[in-house]
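The sequence shown begins at 3 in our numbering and counts up by one.
Idealized CB from N, CA, C, for every residue including glycine.
Down below is the structure, laid out as structure tokens.
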Amino acid sequence: MKRSASMMKCDREGRLLQRQLRAGLRLPPPRRCFASSYLPPHDSQKRSSSHRVIFSGIQPTGTPHIGNYLGALQPWKKLHDEADANTSLIFCIVDLHAITTQHDAAILRVRKREMLAALLAIGLDPSRCTLFYQSSVPAHSELQWILSCQASTGYLSRMTQWKTKLRGNSTSGPDPSMATDRLKHGLFSYPILQAADVLVHRATHVPVGEDQRQHLEFARECVTNFHAAYSGNIFPYPETLVSPARRIMSLRNSVQKMSKSAESAKSRIELTDDAKTVRERIAAALTDDRGGVTWEPEARPGVTNLLEILAAFCGAPEVSARELAEGEMKGVSMRELKERVAEKVSEGLGGIQERYREVRKRGDGYLDEVAEEGRIKAARSAEETMRLVKEAVGLGL
Ligand code: TYM
3 MKRSASMMKC
13 DREGRLLQRQ
23 LRAGLRLPPP
33 RRCFASSYLP
43 PHDSQKRSSS
53 HRVIFSGIQP
63 TGTPHIGNYL
73 GALQPWKKLH
83 DEADANTSLI
93 FCIVDLHAIT
103 TQHDAAILRV
113 RKREMLAALL
123 AIGLDPSRCT
133 LFYQSSVPAH
143 SELQWILSCQ
153 ASTGYLSRMT
163 QWKTKLRGNS
173 TSGPDPSMAT
183 DRLKHGLFSY
193 PILQAADVLV
203 HRATHVPVGE
213 DQRQHLEFAR
223 ECVTNFHAAY
233 SGNIFPYPET
243 LVSPARRIMS
253 LRNSVQKMSK
263 SAESAKSRIE
273 LTDDAKTVRE
283 RIAAALTDDR
293 GGVTWEPEAR
303 PGVTNLLEIL
313 AAFCGAPEVS
323 ARELAEGEMK
333 GVSMRELKER
343 VAEKVSEGLG
353 GIQERYREVR
363 KRGDGYLDEV
373 AEEGRIKAAR
383 SAEETMRLVK
393 EAVGLGL
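Structure below.
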């Protein structure tokens with residue numbers, strides 16, 4: 003089967019992350035911009051060039067599903083466990099991004115705490131990493147404004163997420179020219195806030211699922227624009243670390259990614275789903291009318307998705323979906339494949355659910371303390387960057 007250049011690039015990056023994770027996270031040194039037109043690093047830039055900052059974020063728009071888990075949270079936990087002590091780990095619940103779509107204020111408050119509890123339940127330790135709500139550190143939105151003054155509207159309007167929304171809207175009304183009127187500016191400038199999230203902590207590496215790749219390319223574009231406009235060499239170019247399970251697909255439609263906001267709950271498995279629900283969802287997952295497992299990613303996306311999920315819960319990157327399909331799962335019936343997937347998923351989620359219940363039992367007060375501790379650490383991390391940024395831009399007196 004012919005594979006596209008971008009798929010092969012994904013594979014290469016997936017393998018790179020796998021090697022990095024296997025090698026106990028000897029991550030490559032962060033790339034910095036040393037073009038001759040830029041001044042050398044700012045004298046007062048205190049960070050040593052070997053200091054690594056890993057940053058990532060998740061929206062509190064619902065219970066995380068196994069796509070979020072395999073694409074982001076599991077790699078975060080691996081980094082958390084294996085990165086050396088000189089590596090900072092910052093994980094953010096991006097509540098400002100969550101208000102770019104219609105939402106209910108009371109539900110958002112509940113979901114923020116649920117997401118924090120989920121991050122603790124997957125094993126992130128607040129004494130090793132920083133866990134915080136984006137809106138609690140105003141430097142994120144302050145830097146967003148500064149970056150927006152250099153951001154190209156042309157670039158933003160070509161971004162996939164925006165174009166998808168635009169397409170969705172233009173078919174829903176009688177006058178296609180009204181499409182942009184109905185869309186909100188927050189959605190258009192969403193990537194600038196995401197760039198600010200990463201850059202305000204001068205992150206060197208960003209572990210995400212594949213759908214975030216374009217947003218991080220944009221963040222690197224913001225670094226280039228900023229360094230071209232102002233003196234100083236403040237920001238490293240953040241590197242995207244795409245998880246080996248780069249895109250887990252919907253169980254009801256294997257050309258759409260699994261999503262928190264998809265209408266049908268049957269399209270996903272949430273981290274808090276019990277074994278019975280997991281079994282039912284996997285049993286109902288759409289595959290095709292052929293029997294017997296084979297490795298044909300393009301012709302059999304539903305089967306491939308189940309194999310990817312199985313591999314991830316069996317301990318990928320050591321075990322790949324293809325190896326499973328061509329080895330121990332070769333030719334097994336769909337029923338057997340689904341039973342195996344359900345068993346491994348439930349096994350993998352069991353410990354997380356137990357810890358989730360324990361965390362929730364400690365009450366909202368405990369979660370708020372963790373968030374406050376995270377806010378203090380994140381604000382400190384952002385403070386030095388903002389001092390350098392304001393000095394470069396001419397805002398600091
Ligand atoms: P969000 O909340 O949609 O998703 C959080 C993380 O989960 C990954 N992910 C998936 N991975 C594999 N398969 C899937 N079906 C799947 N669905 C989601 C996402 O790639 C992501 O890593 N814009 C971001 C949040 C964000 C952010 C940031 C991320 C805001 N600022 C700065 C990194 C750095 C988002 O909406 O993620």
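Item to complete: Let me know if L351 comes out buried or exposed under the rule of 16 or more other beta-carbons within 10 Å of its beta-carbon.
Response: Around the CB of L351, 16 or more other CB atoms lie within 10 Å, so the residue is classed as buried.
(message) Please list the terminal residues of the continuous alpha helix (DSSP H) segment that includes F237.
(response) Looking at the DSSP string, F237 is not in any alpha helix (DSSP H), and its letter there is neither H nor E.
(request) Ignore the nearest five residues each way along the sequence and tell me which others in E375's own chain have a CB closer than 7 Å to its CB. (result) Within the same chain, E375 has close Cβ partners P128.
Report the rounded CA-to-CA distance for S6 versus E298, giving the unit in angstroms. Because the pLDDT of S6 is 43, which lies under 50, any placement of that residue in the model is unreliable, and the question is left without a value.
At the level of alpha carbons, what is the spacing between V305 and E345? Cα-Cα distance, rounded: 16 Å.
| said: Quick check on DSSP: helix, strand or coil for S58? | reply: Here S58 carries a strand assignment [DSSP, helix/strand/coil].
Original post:
Just to confirm, does R168 get its C-beta within under 7 Å of one of the non-hydrogen atoms of the ligand TYM?
Top reply: Here residue 168 turns out to be Leu, not Arg, going by the sequence shown. Checking every heavy atom of the ligand TYM against the Cβ of L168, none is found closer than 7 Å.
Run of the beta strand (DSSP E) containing I92, from where it starts to where it stops = For I92, the enclosing beta strand (DSSP E) begins and ends at 89-95.
* To do: Ignore the nearest five residues each way along the sequence and tell me which others in R324's own chain have a CB closer than 6 Å to its CB.
  => These residues qualify, in order along the chain: W297.
Range covered by the beta strand (DSSP E) that runs through Y368: No beta strand (DSSP E) contains Y368, which is instead part of the alpha helix (DSSP H) from 365-395.
* If you check the beta carbons only, do G69 and V96 fall under 8 Å apart? -> In this structure, V96 does not lie closer than 8 Å to G69 by Cβ.
D2: buried (16+ other C-beta within 10 angstroms of its C-beta) or exposed?
The chain is shown from 3 up to 399; residue 2 falls before or after that span and cannot be answered.
To the nearest angstrom, how far is the alpha carbon of L122 from that of E349? For L122 and E349, the distance between alpha carbons rounds to 18 Å.
- With a threshold of 7 Å, establish whether the CB of F57 neighbours any heavy atom of the ligand TYM. For the ligand TYM, at least one heavy atom lies less than 7 Å from the Cβ of F57.
Suppose only complete runs of 3+ residues qualify. What are the beta strand (DSSP E) ranges in the region 116-147, listed by chain order? Within the region 116-147, the complete beta strand (DSSP E) runs of at least 3 residues fall at 132-135.
Problem set entry | Selection from V200, Y135, D213 that minimises the alpha carbon distance to T166 | Nearest C-alpha to T166: D213.
Kindly give me the distance between the Cβ atoms of Q277 and R270, rounded to whole angstroms, as I take these residues to be in contact under 8 Å. Residue identity check: residue 277 is Ala in the sequence provided, not Gln. Actually they do not touch by this definition, with Cβ atoms about 16 Å apart.
- Item | Which of helix, strand or coil DSSP assigns to H99 | Residue state, collapsed to three classes: helix.
Inset, instruction - List the endpoints of the continuous alpha helix (DSSP H) containing V305. - result: Taken as a continuous stretch (DSSP letters only), the alpha helix (DSSP H) holding V305 covers 303-315.
**Study point:** Inter-stretch contact (C-beta, 8 Å, three-pair minimum) for the region 147-161 and the region 105-121
**Key:** Three or more Cβ pairs closer than 8 Å define a contact, and the region 147-161 falls short of that threshold against the region 105-121.
Sheet register partners of E328 (DSSP bridge) | Answer is none; E328 lacks a bridge partner.
Can you list, in chain order, the residues of its chain with a C-beta nearer than 6 Å to that of G398? Leave out the 5 residues immediately preceding and following it. The residues K392, in chain order, have a CB closer than 6 Å to that of G398 in the same chain once the five nearest residues on each side in sequence are set aside.
Return the CA-CA distance between K114 and V343, expressed in angstroms with no decimal places. Spanning the alpha carbons of K114 and V343 requires a straight line of approximately 30 Å.
Counting only the same chain and skipping the five closest in sequence on each side, list residues whose C-beta sits under 8 Å from that of V347. Taken in chain order, the residues that qualify are I68, I271, V280, I284, I311, F315.
| message | Starting from V280, trace the beta strand (DSSP E) in both directions and tell me its first and last residue. | response | Element bounds for V280: not the beta strand (DSSP E) but the alpha helix (DSSP H), 277-285.
Quiz prompt | Residues bridged to P209 (per DSSP) | solution = Bridge partners of P209: L243.
- Task: Give me the Cα-Cα distance between I250 and G73, rounded to the nearest whole angstrom.
- Result: Each residue's CA atom was taken as its position, placing I250 and G73 some 7 Å apart.
Q. Is the beta carbon of H105 within less than 7 Å of some heavy atom of the ligand TYM?
A. Answer for H105: no, Cβ out of range of the ligand TYM.
- Message: Based on DSSP bridge pairs, tell me the residues matched to H67.
- Response: Per DSSP, E272.
- prompt: In whole angstroms, what is the alpha-carbon distance linking M260 and S52?
  reply: Between M260 and S52, the C-alpha separation is close to 36 Å.
Notebook entry, point to check: Under a Cβ-count criterion, where at least 16 other Cβ atoms within 10 Å of its own Cβ denotes burial, should A222 be classed as buried or exposed?
Noted result: According to the sequence displayed, residue 222 carries Arg and not Ala. So R222 ends up on the buried side.
>> With a threshold of 8 Å, are at least 3 pairs of Cβ atoms found where one atom belongs to the region 241-256 and the other to the region 189-201?
In response: No contact exists between the region 241-256 and the region 189-201.
May I have the straight-line CA-CA distance separating V372 from R204, to the nearest angstrom? Going by the C-alpha atoms only, they are around 23 Å apart.
For this session: State the Cα-Cα distance for the pair D13 and G367, rounded to the nearest angstrom.
Result: Because the pLDDT at D13 is just 46, under 50, the model does not fix this residue reliably, and the value given afterwards should be weighed accordingly. Approximately 43 Å between the Cα atoms of the pair.
| Looking at the structure shown, is G398 part of a helix, part of a strand, or coil, going by DSSP? | When DSSP states are grouped into helix, strand and coil, G398 belongs to the coil group.
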